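Working notes, beginning with the structure itself.
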Amino acid sequence: MTLPQLTTRAEEGYPLTFSEIQTICDLLLDEGQSAEVRADFLEALRKRGETPEEIADFVEVLLQRAVQLPFSGAGCIDVCGTGGDRAGFFNISTTSMFVVAGAGAKVIKHGNRGITSKSGGADVLEALGVKIDLPPEAMATALEAAGCCFLFAPACHPAFRAVVPVRKLLAQRGSASIFNIIGPLLNPARPDFQLAGVFNPDLVKTYARVFKKLNRTRAWAAHGTGPNALQIDEVSPLGKTLIMALENGSLSEFEIHPKDAGIAAMAPEDLLGGDATENAKILLSILDGSDHGPRRQAVQINAAAALVVAGLAPDLPSAWNLAETSLNEGRAMASLQALQKVSAL
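To convert, note that position 215 of the sequence shown is 1149 in this note's numbering; the numbers rise steadily by one, no gaps.
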């Protein structure tokens, strides 16, 4: 089938088979196909709406094209978000990575540079002296030494270079695509555990169903809210967070509130960040203990959620205490320093 034919099928509402998705991925990653034709398909699929089953199949096919790693995600967790909330906050999940690692979890964070923000996870790590495109063997060393490592999405998925002009064309059209939502699902280590923030509440159930199809052991999809209809791809210290959790094949839905961690809801302006240099300073102030304010609490509640997902704590209050110990005893900072040391080798 050609992409125009598959575009017509999408427009007519037909579900895509795994075999068709394999063909589609071949065509989308083929630079011999025009950007316009590829964008037309992605736009039609987005308008029709991707099913969780289709998203999972896209992820499986695309992971087959990813760089193969000399280690697996068995017993490990990824903490990341879709981005796209445009809240302008500092790098909460990247900061929490070190808190979670300092508390004893193994963290394999898959991420990228900022697209809709001034500073993505890769940007702030680079500003801290962390080499974001370590070779796979060095990633394994980092995971052992620091309890965490960073997988830079463009380095893990070199084939995605072919869709850059397509995504630019879609942006010019004011359209999104499946590539705007699948980033956190494409961790080539295939971690057992995952905490993923999503910018759209409609994605919470979708992500949970995709997690199930991808055989995650335990995973939470989280959508946070705040005042004035603010929506964020984090566990929110500002207000309610909607969670859809996967636990051993079963799905459940619940809410988290700041009071569940024993803190008061804060204001959005308390969490504002800047460019990579400024966000690196914020991250360091939290890890070195000089910032005990709302920004630390925002990191701690996200780290606590991750520690529950990773199975290191039974509930949020217990996990909050673990995260606090990681910070107070300097373990989170030690994790960052170990990652910096591996980067300098």
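Ideal Cβ positions, reconstructed from N, Cα and C, are used throughout, including at glycine. Every value quoted in this text rests on a predicted model; they were computed, and no experiment measured them.
One question on the structure: do residue i and residue j come within less than 8 Å of each other, judged by their Cβ atoms?
i                  : j                  : result
serine 1027        : glutamate 1203     : no
glycine 1173       : glycine 1160       : yes
serine 1109        : arginine 980       : yes
valine 1013        : alanine 1240       : yes
isoleucine 885     : isoleucine 989     : Residue numbering for the chain in the displayed model covers 935 to 1279; residue 885 lies beyond these limits and cannot be assessed.
leucine 1218       : glycine 1038       : no
leucine 1205       : arginine 1229      : yes
alanine 969        : valine 1100        : yes
phenylalanine 1133 : glycine 1018       : yes
proline 938        : valine 1001        : no
glycine 1207       : glycine 1022       : yes
proline 986        : lysine 1147        : yes
alanine 973        : leucine 1180       : no
isoleucine 1197    : phenylalanine 1024 : no
Let me make sure I understand the geometry here. Which of the options has the alpha-carbon closest to that of residue i?
i                  : options                            : result
histidine 1157     : Ile1166, Ala1035, Thr1151, Phe1084 : Ile1166
phenylalanine 1145 : Ala1240, Phe1127, Asp1136          : Phe1127
glutamate 954      : Ser1277, Phe975, Ala1195           : Phe975
asparagine 1262    : Leu937, Thr951, Val1034            : Val1034
glutamate 977      : Leu950, Ile1011, Thr941            : Thr941
leucine 1085       : Gly1208, Asp1067, Ala1079          : Asp1067
alanine 1210       : Ala1056, Thr957, Ala1199           : Ala1056
For residue i and residue j, I'd like the C-alpha separation in whole angstroms.
i               : j               : result
leucine 1250    : glutamate 1189  : 12 Å
valine 993      : alanine 1201    : 36 Å
serine 1030     : alanine 1214    : 13 Å
glutamate 1258  : leucine 1077    : 22 Å
serine 1224     : alanine 1142    : 37 Å
aspartate 991   : valine 971      : 21 Å
lysine 1275     : leucine 1059    : 13 Å
glycine 1036    : leucine 1270    : 9 Å
threonine 1175  : histidine 1191  : 6 Å
serine 1260     : alanine 1244    : 15 Å
leucine 1273    : alanine 1080    : 5 Å
arginine 1107   : alanine 1153    : 34 Å
alanine 1238    : cysteine 1082   : 16 Å
valine 1242     : alanine 1253    : 6 Å
isoleucine 1235 : glycine 1009    : 21 Å
lysine 1040     : isoleucine 1011 : 6 Å
serine 1006     : alanine 1074    : 9 Å
threonine 936   : glutamate 984   : 19 Å
alanine 1278    : alanine 1061    : 14 Å
Between residue i and chain C, is the shortest Cβ-Cβ distance under 8 Å, so that the two count as touching?
i              : result
histidine 1157 : The chain inventory of the structure shown lacks chain C, comprising one protein chain alone.
Since residue i sits in a beta bridge, which residues does DSSP pair it with?
i                  : result
histidine 1295     : This structure cannot speak to residue 1295, because the chain is shown only from 935 to 1279.
glutamine 1128     : Asp1012, Ala1153
cysteine 1190      : Here the sequence assigns isoleucine to residue 1190, which means cysteine is not the residue at that position. Paired residue(s): Thr1175.
serine 1184        : Glu1181
glutamine 1165     : Thr1159
phenylalanine 1133 : For phenylalanine 1133, which the question treats as bridged, DSSP gives no partner whatsoever.
phenylalanine 1023 : Leu1206
May I ask you to verify whether the segment 1094–1102 touches the segment 959–978, counting CB pairs closer than 8 Å and requiring at least 3?
yes
Between the segment 1039–1052 and the segment 1114–1124, do three or more beta carbon pairs fall short of 8 Å?
yes
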